[in-house]
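Notes for the one structure printed next.
Number of protein chains: 2
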Amino acid sequence: MRISELATVTGVPVATIKYYLREKLLPEGERTSATQAVYGQAHVERLRLIRALVDSGVGIASARQVVAALDDPPDNPNHLLGMAHAAISPPVDEDLDPTAAQELIRRWGWAPETCTPQQVAGVARALDSIERGGFAIPETTMDAYLVGIRQMVEAEIDAIPTTSAEDAVRYVVLGTVLVEPLLLALRRVAEEHVSGERFGGADT
Amino acid sequence: MRISELATVTGVPVATIKYYLREKLLPEGERTSATQAVYGQAHVERLRLIRALVDSGVGIASARQVVAALDDPPDNPNHLLGMAHAAISPPVDEDLDPTAAQELIRRWGWAPETCTPQQVAGVARALDSIERGGFAIPETTMDAYLVGIRQMVEAEIDAIPTTSAEDAVRYVVLGTVLVEPLLLALRRVAEEHVSGERFGGADT
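Residue numbers (my numbering), protein chains in the order written: chain A, 24 to 227; chain B, 24 to 227.
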């Protein structure tokens, strides 16, 4: 299909598609003349992925890293996960002390050394902001987080497709970035309902 | 204490404190002369709360709503929760069809009618972005989300302090806003570790 058709099919404007082509997020189409190229189903799927990433707040440079991982995937699915996470994570803040984060990860029975620096930094940043905010998470709540998160993540990992590395990366990246807002939104709904159960008097 | 001391104690610059005073986020100090005022421990705590909110990406207008709720709290803790959530949520996008979100909430055994419009809209926005991204959450994963989230939220609600409405609001607002990044960061760490357990070959 021509670039105009690609725009119609995906809902992405031609100017934006050209921008993604210049930024090497989207591979060139097959040239049919000096000024014309045709695009296929792979371009449609790649465009949908790029839009999903950009809509989820992932920057162009990080999206390019994810796309590069798709085009040249590593062999071990476990490396894919770290790479995908690294691409969609903010840079590590060197000023942040990772000790509390490492302790928490260890308390949960895991080894901080096998995490990527971004994964540890993400926990460190969150703990730092909680502390600066004057908030403290009770032990029992923290324990419930461990149980709940493990339960959710085991189901997620079981569902990673093993058909191809490209499928696995797409699944991990989208499953991480796109599902995060859903989990937070569902948590708020759950808070409303559980608090209604506890305190009663839910007004209608 | 003088405003300069308040700045030292909280680490918030004097110019920023003056901005919060003008924006009515922070109550005036007690005037000691036409140009001088003194501030107390309540100002320190309020400032820490404001910083926590602003650092978590809450806008000035929403922070003002939260602060207003603290200064004039409703009686039912369950109303507090909806109000606190409303203040820290983006406005409802009227173009978004809430049907899928309502169905999901109902499937989880809850009544969408007792949710605030923002809570339903949050789920709708997340589902919409997942669909537009070409991602689908398997049934088994969705079921695990329900179990996991319920587990976490029950512990959270049990820990809401009942000492005063102000304590409860602060707890709910901070517990929602500040804890969200931690849950997402811990989910990524858990993904790394569970995937290591499943696929092995974690490199060190």
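Even for Gly, the Cβ is constructed at its ideal location relative to N, Cα and C.
Against chain B, a Cβ distance below 8 Å from V176/A picks out R210, A213, E214, V217. CA-CA distance, V81/A to M24/B, rounds to 44 Å.
Among the CB atoms of chain A, none fall inside 9 Å of the CB of L48/B. Residues of chain B whose Cβ lies closer than 9 Å to the Cβ of V77/A do not exist, since the nearest Cβ in that chain is about 10 Å away.
When D94/B, A75/B, Q59/B are compared, the shortest CA-CA separation from P50/B is found for D94/B. Taking 8 Å as the upper bound for CB-CB distance, V146/A and L209/B are in contact here, some 6 Å apart. Going by C-alpha positions, R74/A is about 12 Å away from E154/B. By DSSP's assignment, V61/B forms a beta bridge with E53/B.
Below the 7 Å Cβ cutoff, chain B contributes no neighbours of H66/A, its closest Cβ being approximately 13 Å away. Across the set V217/A, I183/A, P184/A, the C-alpha of V217/A shows the shortest separation from the C-alpha of E177/B.
Taking 4 residues as the shortest admissible run, the segment 85–148 of chain B contains the following complete alpha helix (DSSP H) segments, listed from N- to C-terminal end: 100–110, 122–130.
Leaving aside the five residues that flank A109/A on each side, the residues in its chain whose CB is nearer than 6 Å to its CB run, in chain order, T139, Q141.
The beta carbon of A86/B sits no closer than 9 Å to any beta carbon of chain A.
When G198/B, A60/B, S56/B, T185/B are compared, the shortest CA-CA separation from S27/B is found for A60/B.
In terms of Cβ geometry, L104/A and L127/A do not form a close pair [threshold 9 Å]. Along the length of the segment 168–209 of chain A, whole alpha helix (DSSP H) runs at least 4 residues long occupy 188–200, reported in chain order.
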